[in-house]
Amino acid sequence: MDELEVHFQQLLDDNTDSLAGLYLIETGTDPEMLSLKALRLMQQSEFVLFPSGKDDGIFLDLCRRDADRAPYTPRTLNRLVKQYIDEGLRVCVLADKKNASNLFAPLQHYHHAQYVPTV
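Residue 85 in the numbering used here sits at position 60 of the sequence shown, with consecutive numbering throughout.
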């Protein structure tokens, strides 16, 4: 039984990186314009980053309830994403439609990075 537990723990440790992901979700003024894919990724993310000083409350409410949350600025976004991706977390970044593509450009190199525009 101990050998089985050791093997199971090794599998968990080996798969930590495969769970990490970055999802940039483009938001707008109407949450009903989110795609089902965007909503699914928002629900799967363990950490949610949202624009500092912007009231994205309705979009934050659609994210996973037990997800940790933190505000970001364009200057802090890359550092925060790197920190949480390195921890093996699935990270959701909420960004408004006019800034989303500019914010995502420097983040595309992350493993499993996905940009999900509004419908």
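We put the beta carbon where it would ideally sit given N, CA and C, even for glycine.
Delimiting residues of the beta strand (DSSP E) encompassing residue i
{"i": "L11", "result": "Beyond the ends of the chain as shown, which are 26 and 144, falls residue 11; an answer cannot be given."}
According to DSSP, residues forming a beta bridge with residue i
{"i": "A138", "result": "L47"}
{"i": "F72", "result": "D93 and V116"}
Candidates the options, of which the one nearest residue i by Cα
{"i": "Q139", "options": "E57, G53, M58 and M67", "result": "M67"}
{"i": "G82", "options": "A120, N124 and P131", "result": "A120"}
{"i": "K12", "options": "E112, T143 and K107", "result": "With the chain covering only 26 through 144, there is no way to say anything about residue 12."}
{"i": "T98", "options": "E57, F75 and E51", "result": "F75"}
{"i": "E112", "options": "L44, V31 and D27", "result": "L44"}
{"i": "D93", "options": "Y109, D55, L29 and L64", "result": "Y109"}
{"i": "S54", "options": "S77, G46 and F84", "result": "Note that residue 54 is Thr in the sequence shown here, rather than Ser. The residue with the shortest Cα to Cα distance from T54 is F84."}
{"i": "S126", "options": "Y48, E71, E30 and Q34", "result": "Y48"}
{"i": "G78", "options": "V31, F72, P96 and L102", "result": "P96"}
Limits of the unbroken alpha helix (DSSP H) element including residue i
{"i": "R104", "result": "L102 to D111"}
{"i": "D86", "result": "G82 to D86"}
Quick one: any contact between the stretch 124-134 and the stretch 82-92, if contact means 3 or more CB pairs under 8 Å? At 8 Å Cβ cutoff, the stretches do not touch.
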